Amino acid sequence: MKRRTRQQLEKVAVITESPDDCRRTWDAVEYIMEPLEERYDVTRISVLDTDPKNGKAATKTEIKNARDDVIGAIAGFKYVVIVGNTPLQVITGKAGISKLRGRPIKQDGHIFLPMNNPGIIRHDDKQETLLNADLQFFDDMVKFGGIPEAKDLHFRIVMSDDDVEEMIADLRGAVSYDIETTQLYPWQTQKLNDRTGEWELNPEPKIVSLGFGTARNQWCVPVNHPQSPWTQDEVEEMMDRITEKRDDFFLIAHNGKFDLLWTWVHLGVKWELDFDTMLAHFLLDENMRHGLKYLAQVYCGAPDWEIDLTEKQGMNVPLKKHCKYLAHDLYYTRKLRYVFGKMLKDDWEVKRVFDKIMMPCANLFVEIEYDGVFIDMDQFGEAEEVLREQYEAALAELEEWEPDHYVKKNGDVYYFKDARRKNDPTRFNWGSTDQLRWLLFDHLGIEPLDKTDAGGYSTSESVIKRLDHPCTEALLRFRAAKQQLSFFIDGWKPFLHQQSRGFYLHPSFKLHGTVTGRLSCEHPNLQQVPRDPRIRSLISAEKGWTLIQCDLSQAELRIAAELAREPAMIHAFTHGIDVHWLTAIREIERGGGLKDLVIGTACRIKGKNDMRYADAIQVLLEVGHEVATEVEKEWKEYRKKAKAVNFGYLYGMWWKKFKIYARDNYGVNVTDEEAEASRTTFFDNYAALPAWHKRQKKYARRHGFVKSLSGRKRRLPEAKHADDTPERRAAERQAINSPVQSFANEVNLMAAIQLRKEYGRNVVKICGTVHDAVLFRVRNDMVEEVYTRMLEIMQWPDLMDEFDIEMVVPIEADGDLGPWGKSISLEKARKVADIHKLSVGQLLDKYPVSAIQEQWKEAA
DNA sequence: ATTGTGGGCGCG
DNA sequence: AAAGCGCGCCCACAAT
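Residues 4 to 863 (the working numbering) are what the first sequence spells out, left to right.
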């Protein structure tokens, strides 16, 4: 019986790296060999005769030598599974399993299917889904008798007026939408020609095609493809007609923010997206990747339909092939919506985050990116000039210590006068960490102070500051100027977009950018603009408008206090005491230090000659850091220090790191004992924190995830591990940090959504969010109203009630107006406006914020 | 010529 | 025994 069954099984070969791989070792057998052996007559072939020593990868020679044997061994097998990178290299001669896995390779009469080595599951159990998808695909392939063709689906290329009518009539129910474009940034930019010194326009970005996926068809409209019959006007007219029908269908897209932004910029119609499959999947599993093809493979068993980038960009590809690709995008986007829709239904809390925060944000950020941020080009030019001077000056000073040669890590000697390097061919490169490392620690013989993660000697700012050598000061100036130039001057130029009212940047926000739910930002990254006013104030507003920044004050600390139910913190927040200040004073009190400063400041505040230490501490706590700082400037530094301490300890920092922090940021050398005591004191002062930490760890360990107040999940599979590994520790720290970081960001997003809801784009243009702050421009006549209202909104956005959130700790918000980094408070603006007998709006129309600041100083 | 990685550093 | 979290960008250098 058994024998007969076996003969009917298809013969397949499995190539592994070594004899032990996937056979005797751990759990891999269960993942690959057993499922295959159930269905096939499996022959296993290994590339190497024995396991590589010490778990090392096979060498190139070994791979080369193994080739003939392996090729011989698979003779007669049509279907071959490749397990891991080494066998892949043997067969294809190329590495890159992560890119090639899941994609069948036809070669010499065989069909190979590369997949990951199941050992990866030990490090990342998410990989199990992928492995199963690959095995499933292998089954499909064998059943089909070859590589399953990318399906023709039912794609229709819209070429005639009749097609248009039919398409528009078909737009009902759930409709997916996708476009193909020539590039990613939808605005035309310019670049400086190095030879002529002239500004030249970059190629015009274009929509190549767009399409709609319905229940029966995938409609593909060629827009700028050479074979397109349509003019720009005709396409726009088509889109207008669809806009009129927009309420008749449910719009789905994968990363729809991209498609809708382009559609708005290039075709003039602005649509609201109903369901974003990428964002849905992000909420369902933030640890996985969210690419359409990957998800279609994993959740729908889709074949690979990827084509070359140039073909996607459409110009040199037959229209039919291009549209077939688009059709697959449309088909699987629509399919994934049902899969993820169902998964969301099973988790109402996550669904609520999706419906009320994620999708509204997806639509909001289309507008945010469309409006962009205004750049003050006069300041931009000035900043560039100043930074170039600083850069040149620092470099000139460094010349004194430039060596004529450099010994590379491998021992090669490198003479600069002979070398041909990209920028300055004959010069020592101070920007190269390798060269600098050699110069400082080998050539000059300075004692290295720290190592990098990879084990080399570090040349970080922290180290250089502590080195006793005359070059260090200029070196730090060199690095700072170089970085600011390359990040924010040269780095921004390729994104500057000229419009009638001036130049704009359009940073792109990734709503799925971080595992906690914070957004990330790129092209360029608005969220890493230095606080240095020279750079930050480049971001401003066009004439007649004013930039406003509103931020949640100490949001994370407030949320932590709430979650931990920490009495001392809650008391501080409900009584308007600054927690960073509280920490600073308690820390000083613990050591009984700074007697002169503490008593001196308190006496001057109270107008007394002497006071007991304990009483003085009490006075300082009561008056707050602002009053204390007015009397004695030093207090500002102590508060700043405490701020870092608060966050560090709150999220699990250990005293050793505190030592490093104190040294690098405050030049204070704390002893081990002092550092340990500081941590102990922190948890004595905030005694409910350890219990909260414990609760979070326990919860994560039991469930494998934690939740924020909104119900958003952070999945932490490592927290479930039985052994106390560094990975589990890391997961436990994230279990503490994540709900706090998540929720602070969510409050901020709720506020941004509401701001847009209450004011139209003719009054407010939102520029972006920076985790706990919203940046927006307001028409001058509305500045007072919008600013005041936004602070109210931030303190308790309406969505907080919709989520049934209750908090005992009050949320507070703060803000200011004017160029970023050179802004003033509304109070100041009001005072100056009163002097002129003007409204704040009129004042802002009449004077730049810098002048208002000056006038306020004179008046005060 | 492109692609990947480490080092360093900007932000919250 | 060992312990903040979350990002993106630019450069240099090595590898493909």
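Glycine included, each C-beta is placed from N, C-alpha and C at the ideal position. Model, not experiment: these values are computed from the prediction.
- By the criterion of at least three beta-carbon pairs nearer than 8 Å, the stretch 771-783 is in contact with the stretch 523-539.
- The closest CA to that of GLU309, considering only LYS324, TYR302 and ASN319, is found on LYS324.
- Taking a 10 Å sphere around the C-beta of ALA836, we find 16 or more other C-beta atoms and assign the residue as buried.
- One Cα belongs to SER826, the other to LEU116, and the distance between them is close to 59 Å.
- Between the stretch 333-351 and the stretch 722-739, the count of C-beta pairs closer than 8 Å stays below three; the two stretches do not touch.
- Looking at the DSSP output, PHE779 shares a beta bridge with ILE551 and ILE769.
- Per the DSSP secondary-structure output, ILE827 pairs in a beta bridge with LEU820.
- Rounded to whole angstroms, the separation of the alpha carbons of ARG642 and GLU857 is 28 Å.
- At a Cβ-Cβ threshold of 9 Å, PRO800 and GLN744 do not count as neighbours.
- Of GLY651, HIS228 and ALA754, the smallest CA-CA separation from ASP817 is found for ALA754.
- Counting other Cβ atoms within 10 Å of its Cβ, LYS97 stays below 16 and is therefore classed as exposed.
- Collapsing the DSSP output to three states places TRP233 in coil.
- A contact is defined here as three or more CB-CB pairs under 8 Å, and the stretch 785-798 fails this definition with respect to the stretch 492-510.
- Contact annotation: GLN382 and LEU820 have beta-carbon atoms that are not nearer than 9 Å.
- Per DSSP, ALA747 is one residue of the alpha helix (DSSP H) stretching across 729-761.
- Between LEU752 and ILE360, the gap from beta carbon to beta carbon is short of 9 Å.
- Scanning the stretch 465-521 for uninterrupted beta strand (DSSP E) segments of 3 residues or longer gives 500-502, 505-508 and 511-513, listed from N- to C-terminal end.
- The beta carbon of ILE538 is closer than 7 Å to those of ALA386, GLN487, PHE491 and VAL532 in its chain, skipping five residues each way along the sequence.
- Around TRP657, the same chain offers ARG682 as residues with beta carbons nearer than 8 Å, after the five sequence neighbours per side are excluded.
- From the listed residues HIS583, VAL781, ASN119 and ASP277, the smallest Cα separation to ALA177 is found for ASP277.
- Around LYS81, the same chain offers HIS113 and ILE114 as residues with beta carbons nearer than 7 Å, after the five sequence neighbours per side are excluded.
- Within the DSSP secondary-structure output, LYS345 pairs in no beta bridge.
- VAL766 is not a Cβ neighbour of VAL777, given a cutoff of 9 Å.
- Across the structure, GLY520 and LEU103 are spaced so that their CA atoms are roughly 30 Å apart.
- Around LYS485, the same chain offers TYR394 and GLY434 as residues with beta carbons nearer than 8 Å, after the five sequence neighbours per side are excluded.
- Straight-line spacing of the CA atoms in PHE650 and VAL369 works out to 33 Å.
- Residue range 100-103 is occupied by the alpha helix (DSSP H) that includes SER101.
- One thing to note: ILE739 has its Cβ no nearer than 9 Å to the Cβ of GLY824.
- Per the coordinates, the alpha-carbon of PRO510 lies some 48 Å from the alpha-carbon of GLY148.
- For GLY271, the secondary structure class from DSSP, reduced to helix, strand or coil, is coil.
- For ALA703, the three-state secondary structure derived from DSSP is helix.
- Under the criterion of beta carbons closer than 8 Å, GLU590 and ALA645 qualify as touching, at roughly 6 Å.
- For the set ALA399, LEU802 and LYS700, the Cα lying nearest the Cα of PHE746 is the one of LEU802.
- Between ALA571 and ASN688, the C-beta gap is smaller than 9 Å, which places the two residues in contact.
- Distance from VAL224 to ILE573 at the Cβ level is roughly 58 Å; contact not present, criterion being Cβ atoms closer than 8 Å.
- Cβ-Cβ separation between ASP166 and ARG159: approximately 7 Å, consistent with a contact (criterion under 8 Å).
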